[in-house]
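First to last, the protein sequences are chains X and P.
In this text, residue positions in the first sequence follow the working numbering: the first is 1, and each later residue adds one.
In this text, residue positions in the second sequence follow the working numbering: the first is 1001, and each later residue adds one.
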Amino acid sequence: MYAYDEIDRTLVNERVAEFRDQVKRRLSGELTEDEFKMLRLQNGVYLQLHAYMFRVAIPYGTLSSKQLRRLAHVARRYDRGYGHFTTRQNIQFNWIKLAELPDALADLAEVGIHAMQTSGNNTRNVTSDQWAGVAPGEIEDPRIWSEILRQYTTLHPEFSFLPRKFKFAITASAHDRAAIKVHDIGLRLLKNEAGETGFEVLVGGGLGRTPFIGKTIKPFVHGRDLLSYVEAIMRVYNQYGRRDNIYKARIKILVHELGVEKFAAEVEEEWQQMRDGALKLDEEVVEDIRSRFYYPTYEKLPHMPDELRKAAQDPKFEAWRTNSVFPHKAQGYAIVTISLKPVGGPPGDATADQMDALADLADKYSFGEIRVGHEQNLALPHVARRDLPELWKALDKIGLATPNVNLISDIIACPGLDYCSLANARSIPIAQELTRRFANHDTANLIGRLHINISGCINACGHHHVGHIGILGVEKNGEEVYQITIGGRADEKAELGTLIGPAVKFDEVADVIEDVVEAYLALRARPDELFVDTVKRLGVEPFRERVYATR
Amino acid sequence: MTSPLEQKKIKIAGPSIVTANRTWDGAVIYRTAGQGWSADLADAAIVRTSDEARALLAESVADDLGAIGAYIAPVEIGDGGKIEPGNLREQIRRSGVTIGLPANAIGLPVQA
């Protein structure tokens, strides 16, 4: 956990007071909607189909139990008793009233939570690996650098009115859980030969209507130069980024149009002029930030305690453990991923009761800490393996022990047309039907790791381009139809999926996905060849043939 | 959502209404013939020509304090003059999400 200092607390409280005044002036008519819109967006307030939607930041996906309880309070007091965890380590409340928003923000501010820059054309919530600080083999905790970037970008005047929104993601592990290759700036933490910390810098990744995989523009930027190099990138973007066309305004378009070599050269030239200036990070500053992260004191515990050995006799527990429990850097401990994908439920949603109960479990079993991942699941990062059986029973009681993490029903989905004013088609009902189709745990296990991502429009909030199977809802002649792509992935081998054929109707989507999966089971070289690897080996044609031969 | 400016170019193809969201709470509302707003689609003023639609939209947009994001939406007039939404988006705005809320889906009580 990171401990905010007085500057942070003052900033957040001042922001609440400022927004309270802005809302008051809007409701009195002193501000028009045109004047107010940008102000509300900069505080995470959108207008959706039924109501305002309030997006709250969870920087680098780290929450304390106290903060999670406060999110539950906001869900219960100001909304309809639940929240929706997003693909960028935010939580959204769907039914909030503008008149009550300042009070909700004030309640959140008391525990150091805010909604600054969760919308608008500025730098957004800096995201990271949800296993940061606990993953075995991690080079260094990436949240230290995420926090430096958070402080640097928050309310930065030069980057508050960018051509478009701007997103950072950081990872420090070989396996990328932060999807850095589909972010405007992706940072992969490395050590150089001297053992010094630095970053491979990728630029121009992104999804939406024009998807691109990010490209490396510098293989190693020393940690002390991170801010100056990032600022050089932002300056080049600010100077050349298109402001005349919203669809061409993201940095990915600029990188594509300039070419990565030219873009990198522009950044380098800018950087050389400023690299030794005020943005050079002193080791003391980094150490100060590092010192404000506090870590649990782990006990010396056995890897295979008796409690776990005994519980392994229960097949239900084993089914959950196999898919939900992951290795930890400390012996005797585990990272536990908590699926927010119940069979028939909306992906990523948690009720206020569940949030409260999970906060209690975090206190009891995970040193009061919870993580949020981009797959719209939660995690308890410090669970003693001896406690796993008891934790599982407690999670099961609150509907949070679905044993489907990384399996076919662990679906990423945007809110879609049920909530979103931009959507053309519904996402959640498609996800719900698919979770029912693949509810049989043995079948899901047989299929193995397979990520389905669903978006209700081309803006791609459900990351359909990088789903092993991607589903994109579009509207055609007043009807919802869905395009299916396969072969995408969001990890260190990130790729965009390939369309398999014409769009299919709402009622046909689950049948088509079943056909794709059956084709995979028939075509895979061995039982452990993952779906994406089969698609990589064979291409989309066999899948296309299977789906469309009889349609 | 189509902006009011762009809607000046739009010609309606059938009976239409003007809808928006209420400023203070974001609730879905419909412009009435009495130059007010109602949360009930049944109270909406029906327009049948493009000129009528543009006029109703102009008066709706002028009420910046009461409503935001006003736009023209198609409706269908059923038996007995009952007004029904003309597309799925408007059906969802009128009737709510097409899914069970998460509390229902996992068997926990919904918080009011």
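The C-beta atom is built at its ideal place from N, Cα and C for all residues, glycine as well.
Check: Delimiting residues of the alpha helix (DSSP H) encompassing THR153 (chain X); Outcome: 143-153
Check: Residue from X:ALA330, X:ALA359, X:MET1 whose Cα sits closest to the Cα of ILE338 (chain X); Outcome: X:ALA359
Check: When X:TYR333, X:LEU361, X:GLU375 are compared against ARG385 (chain X), the one with the closest alpha-carbon; Outcome: X:TYR333
Check: N-terminal and C-terminal residue of the beta strand (DSSP E) that GLN1091 (chain P) is part of; Outcome: Per DSSP, GLN1091 (chain P) belongs to no beta strand (DSSP E); it is in the alpha helix (DSSP H), 1088-1095.
Check: Range covered by the beta strand (DSSP E) that runs through ILE471 (chain X); Outcome: 469-476
Check: Cα-Cα separation, HIS50 (chain X) to GLY186 (chain X); Outcome: 35 Å
Check: Assigned exposure category for TYR142 (chain X) - 16 Cβ within 10 Å defines buried; Outcome: For clarity, residue 142 (chain X) is Pro in the given sequence; the question names Tyr instead. Its Cβ being crowded by 16 or more others within 10 Å, PRO142 (chain X) is buried.
Check: Rounded C-alpha distance that separates VAL230 (chain X) from GLN130 (chain X); Outcome: 23 Å
Check: Proximal residues of chain X, C-beta to C-beta of THR1023 (chain P) below 8 Å; Outcome: ARG26, LEU27, GLU33, LEU98
Check: Chain X contacts from the stretch 1062-1074 of chain P (Cβ-Cβ distance under 7 Å); Outcome: ASP1064, LEU1065, ILE1068, GLY1069
Check: Cβ-based contacts, 8 Å cut-off: residues of the stretch 1026-1049 of chain P near chain X; Outcome: GLY1026, ALA1027, VAL1028
Check: Any chain P beta carbon closer than 8 Å to TYR82 (chain X); Outcome: yes
Check: Close Cβ partners of GLU307 (chain X) (< 7 Å) along its chain, the five nearest in sequence each way excluded; Outcome: ARG386, PRO389
Check: DSSP state of PRO381 (chain X) mapped onto helix, strand, coil; Outcome: strand
Check: Partners in chain X for ILE1083 (chain P), counting only beta-carbon separations shorter than 7 Å; Outcome: None at all; the shortest Cβ gap to chain X is about 18 Å.
Check: Alpha helix (DSSP H) segment containing LYS218 (chain X), residue limits; Outcome: Element bounds for LYS218 (chain X): not the alpha helix (DSSP H) but the beta strand (DSSP E), 215-222.
Check: Beta-carbon spacing of ASN459 (chain X), LEU499 (chain X) below 8 Å; Outcome: no
Check: Test: GLY1078 (chain P) CB closer than 8 Å to a CB of chain X; Outcome: no
Check: Start and end residues, beta strand (DSSP E) containing LEU189 (chain X); Outcome: 185-191
Check: Span separating the alpha-carbon of MET1001 (chain P) from that of TYR1071 (chain P); Outcome: Note on MET1001 (chain P): pLDDT 46, under 50, position unreliable in the model; the coordinate value appears next. Straight-line Cα distance between these residues: approximately 8 Å.
Check: Contact set between ASP418 (chain X) and chain P, taken where Cβ atoms lie within less than 8 Å; Outcome: ILE1092, VAL1097, THR1098, ILE1099
Check: Meets three-Cβ-pair contact criterion under 8 Å: the stretch 159-167 of chain X and the stretch 246-253 of chain X; Outcome: yes
Check: Straight-line Cα distance separating TYR2 (chain X) from PRO1109 (chain P); Outcome: No answer about PRO1109 (chain P) holds up, because its pLDDT of 37 lies below 50 and its placement is not dependable.
Check: For GLU200 (chain X) and THR216 (chain X), believed in contact at Cβ under 8 Å, the rounded distance; Outcome: 6 Å
Check: Chain P contact residues for PRO429 (chain X), given Cβ-Cβ distances below 9 Å; Outcome: THR1098, ILE1099
Check: Uninterrupted beta strand (DSSP E) stretches inside the stretch 290-354 of chain X (no shorter than 3 residues); Outcome: 325-327, 333-338, 349-351
Check: Cross-strand partners of ASN1021 (chain P) (DSSP beta bridge); Outcome: P:VAL1028, P:ILE1068
Check: ARG426 (chain X) at chain P interface by Cβ criterion, 8 Å; Outcome: yes
Check: Burial state of LEU446 (chain X) (16 or more Cβ within 10 Å); Outcome: exposed
Check: Nearest to SER1016 (chain P) (by Cα), restricted to the options P:ASN1087, P:GLY1080, P:ALA1053; Outcome: P:ALA1053
Check: Exposed unless 16 or more other CB atoms sit within 10 angstroms - verdict on GLU14 (chain X); Outcome: exposed
Check: Simplified DSSP assignment, three categories, for MET1 (chain X); Outcome: coil
Check: Chain-ordered chain X contacts of LEU1088 (chain P) [CB-CB under 9 Å]; Outcome: LEU417, ALA425, ARG426, GLU475, GLY478, GLU479, GLU480
Check: The stretch 57-73 of chain X in contact with the stretch 340-358 of chain X per 3-pair CB rule at 8 Å; Outcome: yes
Check: Cutoff 7 Å; reference GLY1096 (chain P); Cβ partners in own chain excluding five residues on either side; Outcome: none
Check: Endpoints, alpha helix (DSSP H) assigned at LEU39 (chain X); Outcome: 33-41
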